[in-house]
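**Q** Dropping the structure in here first, questions after.
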Amino acid sequence: MSPIWLFRMSKWARNPPSEKRVKLVFAIVAAGVAIWGIEKLGYWPDWATAERIRR
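With this note's numbering, you'll find the sequence shown wraps up at 55, consecutive numbering, no jumps.
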């Protein structure tokens, strides 16, 4: 764990983020988990799937 994270954690402990920002972060994480779940269940459309290009 680098010392930069320690400074960031101490900053957050002294000045915690607002409730609005915490809700925003949780909404973004929930959207990512929902997309991942839809893809794993097989409901993700083929047109939205990236294909690897062989060189």
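C-beta atoms are modelled at their ideal positions from N, C-alpha and C, and glycine is treated no differently.
Please report the straight-line C-alpha distance between Arg14 and Ala34, rounded to a whole angstrom.
**A** Approximately 33 Å, taken between the alpha carbons.
**Q** Beta-carbon within less than 8 Å of Arg8's beta-carbon, same chain only, minus the 5 sequence neighbours each way: which residues are those?
**A** Contacts found: none.
**Q** According to the Cβ coordinates, are Ile38 and Trp44 closer than 8 Å?
**A** In contact: Ile38 and Trp44 (Cβ atoms closer than 8 Å).
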